[in-house]
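Okay, so the sequence shown: first residue is 418 according to the numbering used here, each after it adds one. Ideal Cβ placement from N, Cα and C applies to all residues, glycine included. Okay, structure first, notes after.
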Amino acid sequence: MLDDIGEFEPFDEPMGKVLMQSKVLQLCLEDVLNSARECNELIMTTHGAAEQLEMDPDDVTLCVLVENRHADPGIQVHCRLIEAFCWEYPIPVVKVDSSRKLKTIAGFSQESTEPVHCLLVKTIEDSRNSLKTLLKFSLDRCPLIQLT
């Protein structure tokens, strides 16, 4: 789907390009999550993510966390610990600004009232341009994708 996007400029661009980059990054994230879900390589709960990281962190390609200062303090602690674990094992981390929108992008059932706080993408084909773009973006100081 997004394999013909091509190369991007570094993510230290002026604010004029931020919205364009956010939209491209959102499309890349959607592509990666759909691919991972189709291959049964997507961990969709905070507890499941913690278990996967404990058992086999080398099998994780990308961690997606929701930046939500209003979430339950217990969930915030879990997410901070998962983020620290990912930094320790050099697992790329990307943050998004909306649990509800991430839930939609990740293909969760709309009937589910459970919020999404953390997703792990296990090993998927890393030759995809969308994954390469997200991995490059994860190297940014504050890799936050504003979902629309």
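In the assembly as shown, residue 475 is an exposed residue. Its beta-carbon has fewer than 16 other beta-carbons within 10 Å. With respect to the 7 Å criterion, residue 536 and residue 481 are classified as neighbours on the basis of their beta carbons. In the displayed model, residue 503 falls within a helix according to three-state DSSP. Between the beta-carbon of residue 518 and that of residue 564 there is about 4 Å, and that keeps the pair under the 8 Å contact cut. Across the set 533, 528, 489, the C-alpha of 533 shows the shortest separation from the C-alpha of residue 462. The closest CA to that of residue 456, considering only 539, 558, 549, is found on 539. Shown here, residue 508 sits in coil according to DSSP, grouped into three states, outside any helix or strand.
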